[in-house]
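Chemist: Chains as they are written, first to last, in my numbering: chain A, 11 to 127; chain B, 1293 to 1401. Got a structure for you, questions after.
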Amino acid sequence: DTGVSQDPRHKITKRGQNVTFRCDPISEHNRLYWYRQTLGQGPEFLTYFQNEAQLEKSRLLSDRFSAERPKGSFSTLEIQRTEQGDSAMYLCASSWSGALEMEDTQYFGPGTRLTVL
Amino acid sequence: EDKVVQSPLSLVVHEGDTVTLNCSYEVTNFRSLLWYKQEKKAPTFLFMLTSSGIEKKSGRLSSILDKKELFSILNITATQTGDSAIYLCAVETGNQFYFGTGTSLTVIP
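As structure tokens, then:
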């Protein structure tokens, strides 16, 4: 399978614990995005990387959230001191940024569903 | 504030009907508009639109963009039960993507 993969697919944690999610993009893609989706809503943009550089970070991303993409390949999203309001589906997407129209199309991973008790 | 609004929020039709889903946007630095289909998993890509008035087609689905009036429509003809899903519209502005809340389509046999 050469699509975007995410791990774990499901995570249940207690309030106050830290969690870390991983995303492996499509190998030739240079852009990687993190989104959060709650029930009945479209995905909300959290942050975005071009190669290893984090270029954009939504104001939705509080200090408890941090994302890295150390070698420009896989990325991790960490949530510290989780709160019940963090319960959501966390989606990762990747794309190739170039000059042609069909580039920049985002391909999504299956998501990590987080439940904070 | 950049925003993307989709309508209707939900739609129930019978197999064989034709549906039109709407997406309007107010953004700075528009780059492209994308349509996705989301079933009980992550969204899957349908269309990317950057130019006004050029229809994109894929089987029974088609979409067009109007950059003057700031909207796009997604048409589905001869709907099938497998078309039941949430259809998401997203607008790219520079480095960010803004999604609408989606239109939930239910196709009844």
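Ideal placement from N, C-alpha and C gives every residue a C-beta, glycine not left out. As the structure is a prediction and not an experimental result, all values here were calculated from the model.
What residues in the stretch 1378-1394 of chain B have a beta carbon less than 9 Å from any beta carbon of chain A?
Modeler: Listed by position, the residues of the stretch 1378-1394 of chain B near chain A (Cβ gap below 9 Å) are Ile1378, Leu1380, Cys1381, Ala1382, Glu1384, Gly1386, Asn1387, Gln1388, Phe1389, Tyr1390, Phe1391, Gly1392, Thr1393, Gly1394.
Chemist: Rounded C-beta distance between A:Leu101 and A:Gly119? I'm assuming under 8 Å.
Modeler: 7 Å between Cβ atoms; contact.
Chemist: For the beta strand (DSSP E) containing A:Asp96, list its first residue and its last residue.
Modeler: First-last for A:Asp96: undefined, no H or E at that position.
Chemist: Which same chain residues, not among the five before or five after B:Lys1348, have their C-beta less than 7 Å away from its C-beta?
Modeler: Contacts found: Phe1339, Leu1341, Ser1354, Ser1355.
Chemist: Using DSSP with H/G/I as helix, E/B as strand and the rest coil, what is B:Asp1309?
Modeler: Residue state, collapsed to three classes: coil.
Chemist: Determine, for B:Pro1335, whether the minimum Cβ-Cβ distance to residues of chain A falls below 7 Å.
Modeler: Yes, its Cβ sits closer than 7 Å to a Cβ of chain A.
Chemist: To the nearest angstrom, report how far apart B:Glu1307 and A:Leu127 are at their CA atoms.
Modeler: Their Cα atoms are separated by approximately 41 Å.
Chemist: Kindly list the residues whose CB is nearer than 8 Å to the CB of A:Glu62, restricted to its own chain and excluding five residues on each side of it in sequence; keep chain order.
Modeler: Same-chain partners within the cutoff: Arg79, Pro80, Lys81, Gly82.
Chemist: Evaluate B:Gly1394 with the Cβ neighbour count: other Cβ atoms within 10 Å of its Cβ, from every protein chain shown; 16 or more gives buried, anything less gives exposed.
Modeler: Under this definition B:Gly1394 is a buried residue.
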